[in-house]
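S.K.: Numbering (full-length UniProt numbering), first residue to last: 1 to 540.
#1: Are there 16 or more other CB atoms within 10 angstroms of the CB of residue 487, so buried, or fewer, so exposed?
#2: If you follow the alpha helix (DSSP H) that residue 298 is in, where does it begin and where does it stop?
#3: Give me whichever residues DSSP pairs with residue 469 in a beta bridge.
#4: Taking a contact to mean a Cβ-Cβ separation below 8 Å, would you say residue 574 touches residue 372 in this structure?
#5: Which two residues bound the contiguous beta strand (DSSP E) that contains residue 381?
#6: Which of helix, strand or coil does DSSP assign to residue 338?
#7: Report the CB separation of residue 113 from residue 62 in whole angstroms; it is logged as a contact under 8 Å.
#8: Measuring only the C-alpha atoms, how far is residue 469 from residue 531?
#9: Less than 7 Å between C-beta atoms, sequence neighbours within five positions excluded: which residues of the same chain meet that for residue 83?
#10: Tell me, please, which residues DSSP counts as bridged to residue 57.
#11: Give the secondary structure of residue 435 by DSSP, where H, G and I count as helix, E and B as strand, and everything else as coil.
#12: Taking the alpha carbon of residue 534 as the reference point, which residue from 524, 523 and 503 has its own alpha carbon closest?
#13: Cβ atoms of residue 331 and residue 152: under 8 Å apart, would you say?
#14: Is it buried or exposed, residue 507, if we count other Cβ atoms within 10 angstroms and call 16 or more buried?
#15: Determine contact between the stretch 325 to 345 and the stretch 377 to 388, defined as no fewer than three beta-carbon pairs at a distance below 8 Å.
#16: Report the rounded CA-to-CA distance for residue 360 versus residue 286, giving the unit in angstroms.
#17: DSSP beta-bridge partners for residue 131?
#18: Assuming contact is defined by CB atoms lying nearer than 8 Å, are residue 480 and residue 393 in contact in what I supplied?
#19: Between which residues of its own chain and residue 252 is the CB-CB distance below 6 Å, once the five residues before and five after are set aside?
#20: Which residue's Cα is closest to the Cα of residue 279: 300, 194 and 158?
#21: With C-beta atoms as the reference, is residue 185 less than 8 Å away from residue 131?
#22: When we look at the beta-carbon of residue 121 and count the other beta-carbons within 10 Å, is it buried (16 or more) or exposed?
#23: Spatial neighbours of residue 77 within its chain, please: CB distance less than 7 Å, with the 5 preceding and 5 following residues excluded, ordered by chain position.
#24: At what residues does the alpha helix (DSSP H) containing residue 362 begin and finish?
#25: Counting only the same chain and skipping the five closest in sequence on each side, list residues whose C-beta sits under 8 Å from that of residue 404.
#26: Within a Cβ cutoff of 7 Å, which residues of the same chain sit near residue 375, ignoring the five residues on either side of it in sequence?
#27: On the three-state DSSP scale, how would you describe residue 318?
#28: Going by C-alpha distance, which of 79, 138, 420 and 154 is nearest residue 334?
#29: Determine the direct distance from the alpha carbon of residue 462 to that of residue 301, and round the result to whole angstroms.
#30: For residue 357 and residue 281, which I take to be in contact (beta-carbon distance under 8 Å), what is that distance rounded to the nearest angstrom?
#31: Helix, strand or coil: how does DSSP classify residue 146 here?
#32: Taking C-alpha atoms, which residue in 473, 368 and 22 lies nearest to residue 523?
#33: I need the DSSP call for residue 77, collapsed to helix, strand or coil.
#34: Can you list, in chain order, the residues of its chain whose CB lies under 6 Å from that of residue 99, leaving out five sequence neighbours each side?
#35: Going by Cα to Cα distance, which pick from 71, 57, 52 and 147 is closest to residue 117?
#36: Mapping DSSP to helix, strand and coil, what is residue 39?
Quick look at the structure:
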């Protein structure tokens, strides 16, 4: 634990000497500490600690009354955090952050010690304007560098230095509660852009979330090879508002560029094209690539709109419905980034299904020390609140597991509730992380969800070396589901460029599927898109 444990040691020493805003607890239980009379007393004590610390209290859990390291079992620690959260709420405060350590040698084997920072006031509610942008583009076309410069406001060094801000660092996964699908976030307030000074710091991301009136999250994709699973995961598995496609001015559109554009348009995402690295090649090459981009867009039935010529206001008003804004940008000179900032500040949030029932498809899961299972993903519809009772599934046998929402985080900032379009991490009570799989969904208990093993779909074959016929077995990407499936096309076959009907049957287990959902399928050089037109329930 090394230096990290020094924080705990100093807090214990300060609590022993001064008391003040530091409180020691071995453990907290619902039965004892939430009993009538006791809860009110403990909430008052917590309120006193918060006021003594000018709005912040520190609770050390897993220690004796005199500060000795005891360590408690992970299940007991989780219950203690639940109780502490309720006490904080009663005292008009909230748990801001929790750090955990394993009890040392000679202490309770496998036990945990935790330091909870409690702050005055209710937890932040993620109800601010928030758009999610999916990035795409060929490898080395400046996608990550462009976003790194946007979120930090720092010009690139010409070597892709700002790209490093967006690499997922091992230490970012220590807690695992926050969702790292989004590889960058910044925002805007009345005075302009709210950017990150150091994206490697969790507190910096949390500060942006708290201060900004409007948030912009970027979801990364991979440009190394066409149609990599991660690329499809980023563009299909999340609830995106817009697409941002990068094309390098020194290279121009490639086969990968065209395929990524095809996915963006197949998913009906309003899209912006940023021609990057305009500082690198001669001006005539930049103009040539601009013409190539315009031609590429017209080839797929879209109309390019040059932002430099028509202005940001026109681009914001016209995007979508066949119009694709095109900007010239440089992360080194920052050319065009002011215009891109203004576009992202003013682009309208797309319809977010906030009034529908809560639904979130799991993209990742973590086992967080002292918390338990955490599921992360993008909320597809409705809203979720700490304490909500949900169903998770379907499990491989088609059943759904009852779970409870312990807490919610967005970009390392704990929130009371979150709604459609938010990228969140949800800590779950009632299930082990090993049972949580990508592609599962979280829905309200009263939703009565039913597992689907096969569905009917209308598909379009974008590319295939020969023909798709009976028994064709691609991988289907629907929401966060990535599963092998068997096709049974009407008429027995589908040729490249064909649009037709087919039955799609998952090979290994059922999922939560509904009419109208769009998906991508791939197998080798074969690629296509489709829309669910009907479902067959696995329990019928």
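Even for Gly, the Cβ is constructed at its ideal location relative to N, Cα and C.
M.R.: Once the coordinates are examined:
#1: buried
#2: 283 to 299
#3: 493
#4: Any answer about residue 574 is impossible in this case: the structure gives the chain only from 1 up to 540.
#5: 372 to 381
#6: helix
#7: 4 Å
#8: 18 Å
#9: 28, 29, 30, 33 and 34
#10: 118
#11: helix
#12: 503
#13: no
#14: exposed
#15: no
#16: 42 Å
#17: 216
#18: no
#19: 289 and 292
#20: 158
#21: no
#22: exposed
#23: 61, 62, 112, 114 and 370
#24: Segment: none, residue 362 is in no alpha helix (DSSP H) and carries neither H nor E.
#25: 387, 388, 389, 390, 428, 429 and 430
#26: 362, 365, 426, 428, 436 and 442
#27: helix
#28: 154
#29: 15 Å
#30: About 51 Å; that fails the 8 Å criterion.
#31: helix
#32: 473
#33: helix
#34: 115
#35: 57
#36: helix
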